[in-house]
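Single-structure report; data block below.
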Amino acid sequence: MSDTSVTFRVHRYKQGDEEPHHDRFPVEVGARTTVLDALTGIRRTQDPTLTLRHSCFHASCGTCAMKVNDHEVLACVTNVRELGTDEVRVEPLDNAPVVSDLVVDMGPFYARFDVAERPLVRDSELVPGSHQAAGVPHAMRYEDCIECGICISACPIAGTDPAYLGPAALAAMDRVRQEPRGVDVGPILRLADDPHAAWRCHLAFECSEACPSSVDPAGHIMQLRRSLLARGWRRPSAEPQGARR
Ligand code: SF4
Ligand code: FES
179 MSDTSVTFRV HRYKQGDEEP HHDRFPVEVG ARTTVLDALT GIRRTQDPTL
229 TLRHSCFHAS CGTCAMKVND HEVLACVTNV RELGTDEVRV EPLDNAPVVS
279 DLVVDMGPFY ARFDVAERPL VRDSELVPGS HQAAGVPHAM RYEDCIECGI
329 CISACPIAGT DPAYLGPAAL AAMDRVRQEP RGVDVGPILR LADDPHAAWR
379 CHLAFECSEA CPSSVDPAGH IMQLRRSLLA RGWRRPSAEP QGARR
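With positions in the sequence shown counted from 1, the corresponding number in the working numbering is that position plus 178.
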């Protein structure tokens, strides 16, 4: 099949700009061209100042997350033709400060994990008797989550409550609850019971729908809530019942 002409309408913003704007770039796309292929091609042949972030090109590193035609995706595995439009609108993730063009500051996203006592980190001190791979001092994340930030961008609560821990951190906390491996889950559940944590979710399920790695953060949040209720902790409608560990 021959190439197809598609117009990319790309969000542009540089530090010091008063307002963001969009630039249009014509791109010839083949049957297997991804959004990331197109954007790196634009940077190579049309505008070397276009800023975007990527690494692995295979849905593993999470760095190429962005919004394409209003949906959060990994650009490296989003086929342009399968979008079914001859204009492709590309924006940075929501609910994160824009650094430049399509690049957002992921610091606030990672800070949510810090507030959550960074339960993703499972180093040998936290896992008695565990065997770390040679040369790998820490297991830095729990299974599946690639820390792409897509769930925070898709979450309607994260846009209105900057203190909300958010889907990824809550999912990580629930994963520790499920499989503590020697970690005391009491402090983690106490944090999950915070008004800006598990009870803040409004069950939009946008995070689970958008997550490219099948983490199902909303499902984890529901399981966290069930676990809190089982302990008699009922925020925000009632004060906790019974002593907490
Ligand atoms: S839970 Fe899913 S969407 Fe959220 S950061 Fe992890 S992989 Fe990305
Ligand atoms: S470039 Fe790594 S996930 Fe897309």
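Built from N, CA and C at the ideal position, the CB exists for glycine as well.
Three-way DSSP call (helix, strand, coil) for V361 in this model:
Stepping through the sequence shown from its first residue, residue 361 is reached at position 183. Judged by DSSP in its simplified three-state form, V361 adopts coil rather than helix or strand.
Mapping DSSP to helix, strand and coil, what is E325?
Within the sequence shown, numbered from 1, the residue matching residue 325 stands at position 147. Of the three classes helix, strand and coil, the one that applies to E325 here is coil, per DSSP.
Give me, in chain order, the residues of the same chain whose beta-carbon lies closer than 6 Å to that of F383; leave out the 5 immediate sequence neighbours on both sides.
Within the sequence shown, the letter at position 205 stands for residue 383. Excluding residues within five positions, the ones whose Cβ falls inside 6 Å are A396.
Runs of 4 residues minimum, wholly inside the region 193-262: which ones carry the alpha helix (DSSP H) assignment?
213-223
To the nearest angstrom, report how far apart A408 and L348 are at their CA atoms.
Here the question's residue 408 lines up with position 230 in the sequence shown. Here the question's residue 348 lines up with position 170 in the sequence shown. Between A408 and L348, the alpha-carbon positions lie close to 18 Å from each other.
By Cβ distance, which residues of its chain are closer than 7 Å to R290, with the 5 residues on each side in sequence left out?
Translated into the one-based positions of the sequence shown, residue 290 becomes position 112. Excluding residues within five positions, the ones whose Cβ falls inside 7 Å are L343, G344, A347.
Tell me whether R378 is buried or exposed, calling it buried when 16 or more other Cβ atoms sit within 10 Å of its Cβ.
As a first step, residue 378 is located in the sequence shown; it is residue number 200 there, counting from the start. R378 should be labelled buried.
Buried or exposed for E269, going by 16 or more other Cβ atoms inside 10 Å?
In the sequence shown, the residue the question calls residue 269 occupies position 91. Answer is buried; the Cβ neighbour count reaches 16.
Helix, strand or coil for S183 per DSSP?
In the sequence shown, counting from the first residue as 1, residue 183 sits at position 5. Residue state, collapsed to three classes: strand.
For L217 and Q224, the rounded distance between their alpha carbons
Mapped onto the sequence shown, residue 224 falls at position 46. Mapped onto the sequence shown, residue 217 falls at position 39. One C-alpha to the other measures close to 10 Å.
N-terminal and C-terminal residue of the alpha helix (DSSP H) that V354 is part of
Start at 1 with the first residue of the sequence shown, and residue 354 comes out as number 176. Judged by DSSP secondary structure, V354 falls within the alpha helix (DSSP H) whose first and last residues are 345-356.
On the DSSP bridge list, what partners appear for E269?
Here the question's residue 269 lines up with position 91 in the sequence shown. Partner(s): K245.
Going by alpha carbons, who is nearest to V427 out of Q401, A388, R403?
No information on residue 427 is available, as it lies outside the stretch 179 to 423 that the chain covers here.
Under a CB-based cut-off of 7 Å, is F287 close to chain B?
No chain B appears in this structure, which consists of one protein chain only.
From T185 to P275, what does the alpha carbon distance come to, in whole angstroms?
Sequence index remark: in the sequence shown, residue 185 carries index 7 (1-based). Sequence index remark: in the sequence shown, residue 275 carries index 97 (1-based). Near 26 Å, if we compare the C-alpha coordinates of P275 and T185.
Please write down, chain order preserved, every residue whose beta carbon lies under 6 Å from a heavy atom of ligand 2.
H232, S233, C234, F235, A237, S238, C239, G240, T241, C242, L252, C254
Cβ pair G327, M284 closer than 7 Å:
As a working note, residue 327 is residue 149 in the sequence shown. As a working note, residue 284 is residue 106 in the sequence shown. Cβ atoms of G327 and M284: closer than 7 Å.
Residue closest to R231, alpha-carbon to alpha-carbon, out of E197, A243, R222
Translated into the one-based positions of the sequence shown, residue 231 becomes position 53. Closest option to R231, Cα to Cα, is A243.
Where S331 falls, given that 16 or more other Cβ within 10 Å makes a residue buried
Stepping through the sequence shown from its first residue, residue 331 is reached at position 153. Classification for S331: buried.
Can you give the Cα-Cα distance for D352 and L261, rounded to whole angstroms?
The sequence position of residue 352 within the sequence shown is 174, counting from 1. The sequence position of residue 261 within the sequence shown is 83, counting from 1. Distance between the alpha carbons of D352 and L261: 34 Å.
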